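Have a look at the structure below before the remarks.
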Amino acid sequence: MADMDNKLTNKMTWVQVFIAIAFCFLTAFLFMHNDALYSQPIFEVTKVESGKTSKMTDEFQNVDHYHQQTLYGKIVNGKYAGHRLTIDNAYSDAHAMDHHYVKGQKLFITLHTSPKLHATVKDLKRDAPIAFLFALAISLLFIILKWKGVTVISSIVINTILFWIAIMIDHNNDGAAVILIFSILAVIFCFVTLFLVMGWSRKMLVTLSAVLVATAITILITLMVFGITHEKGVYYESMQYVTQLPKPLFIAEVLIGVLGAVMDEATDIVASLATLKTEKPELSKMQVFNSGRQIGKSIMGPLINVLFFIFMAETLPMTLLYLKNGNTWQYSFSMNMSLGMTSSLISGIGIVLTVILSSLFAGLWIKGDER
Amino acid sequence: MGSITCLGIVLLVLMMIVGGKQGVTSFLSMVVNFGILFFSIVLIAFHTPPIIVTVVASVILLSITIFWSSASDNASTTAFQASCVILILLIVIIIPIEYWAQVGGFGLEDSEELEGLSTYIGIDFTKIAIATAILSSLGAIAEAAIAIASGLDEILTQHDKIRSGELFADGVFIGKQIIGTAVNTLFFGFFGSSLALFIWFYGLNYSLGEILNDKVFAAELIAIVVSLIGVVLTIPITTWMMSFRLKKVQDKTMNK
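Rendered as structure tokens:
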């Protein structure tokens, strides 16, 4: 009987895997042929001719090669659909700001009409690989988690919408009161996410208060440290894509960045302590607090590392470029990785404070008889 | 004293208060991880093949993160094996996607920062993008693997006669509980770190199509979704590893 069950589930899984693969490729196929949706002209490469290659050496003795190529193809959308064009392109081995194009790729181009129709390449059209990856992630969520996958996806979608609304509000305020806007957003984020994960209950309120208080104290500690050390070693000028005052923006970034980890942790601790209190209602407040600390102790390390890798890995390309441009290790670190390091440390403080606060609040307010 | 040192001391003290000796170990794991990460960049700058450096560094980083956590021996060994398998799977997914999307290097949004820097350094930035995507997923994989392996190990110590099929069901159950919040950790981490970029997009009126095809955004998005896939895959793979170990142990005791 068990054997038959097993066979049945296996068969189900294979069907699911097949559907998932088909779904991924179908999505990619659709996005490869969505040119009509774009108002920018898109060019499909049908033939590539390689031109000459020249060697170049920069002032730091970095050797690279510069390749010329000629792209033949046609415009596939808009007013000039069907027009054949020839475009010159050049790329380096580093591909830092340029691309090596091959046959079959679709590119966004800028059209010039005078004296006659010609074009320059703007960028590669890369929505198909992104869509493919999304489809893959969604199918895996469904295969492994079944209907729980829907909750996970809807929580991501809701949070993305909220996030976008906050950015709209922030922009309409010309970047004033960034911290206030994102603090309010943080409260809403926590409320919505915890409500989706735990439902409306006393446990959820305990978790919510632990998360909010821990995050608030973390930001206060950060501001205090920045005050005492006069922000020595914090290079706001190295922040990327800054369009408004960098310091409040940095604080807002860290605030949002740490929130997920803190919620993750608080949920774990409070849920475990609630179960514990139900099983052994005779436990004192202090004992509950200490068990919370035990649980927190083991999860805080890996959790800090999650954010550490997210914050640090993305600084890698720029750091490499600085090193290759004859800068010292120290300078390359300061200008690229120091802000990532600062964010990681602040998040770490938030994560540790959450252990203390969620154990404390659970000890004080969780009742054993709650179901 | 610099702000980084001061924040580091605050964190170390707090970790000692909460975790005692374990707190110090966790703090050290972050410091050592940073050292390895920086050393890898230096190696890449000396023209060591980037992907090989990344894979070797990733295995070391995973082992430090997992073995220096307070998980039991059985749990951490399983978590480590599972995360290595996931690392291989992710590399298989990441490499073709990065070459397909060509998100290596820098976008137009980076122009201002690139002023005065030579970008013709002879190292392929597509490979650097692959390295970045792999490295940013490591923490999330390690955390999920530890959580599931510890949960299963707890079940094993309580019911040592459990069949591996039942253990698998338990693993998926634990996985379902952790996945919702683990996904939040990832997404908020990425939302936070790309807040400035999103404000840029909104401020300069990028259309949805422009955002979706933007190099910088695509690079970030690929890194998030790859980490998400890694976390989801952790559930079945860690559970398989654990039931495989269980089977081996049970077979041994049966033969005796």
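Protein chains in written order, with numbering that gives the first Met the number 0: chain L, 0 to 370; chain R, 0 to 255. We treat Cβ as the ideally placed atom computed from N, Cα and C, and that holds for glycine. Source: prediction; values computed, not measured.
Using only CA atoms, which one of L:128, L:125, L:250 and L:84 lies nearest to residue 177 of chain L?
L:250
For a cutoff of 7 Å on Cβ pairs, would you count residue 195 of chain R as touching chain L?
yes
Report whether the distance from the Cβ of residue 64 of chain L to the nearest heavy atom of the ligand ADP is below 6 Å.
This structure lacks the ligand ADP; in fact it carries no ligand of any kind.
Under 8 Å Cβ-Cβ, which residues of chain L neighbour residue 117 of chain R?
57, 58, 59, 61, 323 and 324
How many Å lie between residue 223 of chain L and residue 217 of chain L at the Cα?
10 Å
Could you name the residues that DSSP lists as bridge partners for residue 55 of chain L?
L:63
Jot down the residue ranges of each uninterrupted beta strand (DSSP E) in the stretch 111-173 of chain L, minimum 3 residues, whole runs only, in chain order.
117-123
Are the beta-carbon atoms of residue 236 of chain R and residue 140 of chain R separated by less than 7 Å?
no
Beta-carbon separation of residue 124 of chain L and residue 105 of chain L under 7 Å?
yes
Partners in chain L for residue 239 of chain R, counting only beta-carbon separations shorter than 9 Å
In chain order: nothing, as chain L lies at least about 12 Å away.
Identify each residue in the stretch 124-139 of chain R for which the Cβ-Cβ distance to at least one residue of chain L is less than 9 Å, and report them in chain order.
124, 125, 127, 128, 130, 131, 132, 133, 134, 135, 136, 137, 138 and 139
Could you work out which residue in L:312, L:355 and L:319 is closest to residue 135 of chain R when comparing CA atoms only?
L:312
Against residue 383 of chain L, what residues of chain R qualify as contacts under a CB-to-CB distance less than 9 Å, listed in chain order?
What the structure shows of chain L is the stretch from 0 to 370, and residue 383 of chain L is not part of that stretch, so it cannot be assessed.
I'd like to know whether the C-beta of residue 242 of chain R is nearer than 7 Å to at least one C-beta of chain L.
no
State yes or no: is the C-beta of residue 106 of chain R within less than 7 Å of the C-beta of residue 225 of chain R?
no
Can you tell me which residues form a DSSP beta bridge with residue 98 of chain R?
DSSP lists no partner for residue 98 of chain R.
Beta-carbon proximity of residue 71 of chain R to residue 169 of chain R, cut-off 7 Å:
no
For residue 296 of chain L, which residues from the same chain have a beta carbon less than 8 Å from its beta carbon, with the 5 sequence-adjacent residues on both sides left out?
354
Delimiting residues of the beta strand (DSSP E) encompassing residue 91 of chain L:
83-91
To the nearest angstrom, how far is the alpha carbon of residue 158 of chain L from that of residue 54 of chain L?
49 Å
Beta-carbon of residue 184 of chain R versus every beta-carbon of chain A: anything under 7 Å?
Of the chains in the structure shown, none is chain A; the protein chains are L and R.
Among L:257, L:172 and L:58, which residue has its Cα nearest to the Cα of residue 118 of chain R?
L:58
Short of 7 Å in beta carbon distance, which residues of its chain neighbour residue 91 of chain L, apart from the five on each side in sequence? Order them along the chain.
63, 64, 65 and 97
Run down chain R in chain order and give the residues with a C-beta less than 8 Å from the C-beta of residue 345 of chain L.
6
Whose CA, out of R:204, R:197, R:175 and R:163, lies closest to the CA of residue 245 of chain R?
R:163
If we count the other Cβ atoms within 10 Å of its Cβ and call it buried at 16 or more, is residue 29 of chain L buried or exposed?
exposed
Among L:292, L:100, L:364 and L:305, nearest to residue 16 of chain R - alpha-carbon criterion
L:292
Using a Cβ-Cβ distance under 7 Å, would residue 78 of chain L count as near chain R?
no
Cross-strand partners of residue 43 of chain L (DSSP beta bridge)
L:73 and L:105
Limits of the alpha helix (DSSP H) - the one that residue 165 of chain R falls within
163-192
Give me the DSSP bridge partner(s) of residue 49 of chain L.
L:68
Does DSSP put residue 235 of chain R in a helix, in a strand, or in coil?
helix
What does the alpha-carbon distance come out to for the pair residue 164 of chain L and residue 339 of chain L?
26 Å
Throw me the rounded Cβ distance for the residue 287 of chain L and residue 272 of chain L pair, which I believe falls under 8 Å.
6 Å
Below 8 Å, how does it come out for the stretch 10-23 of chain L and the stretch 126-136 of chain L: are there three or more Cβ pairs, yes or no?
yes
Three-state secondary structure (DSSP) of residue 45 of chain R
coil
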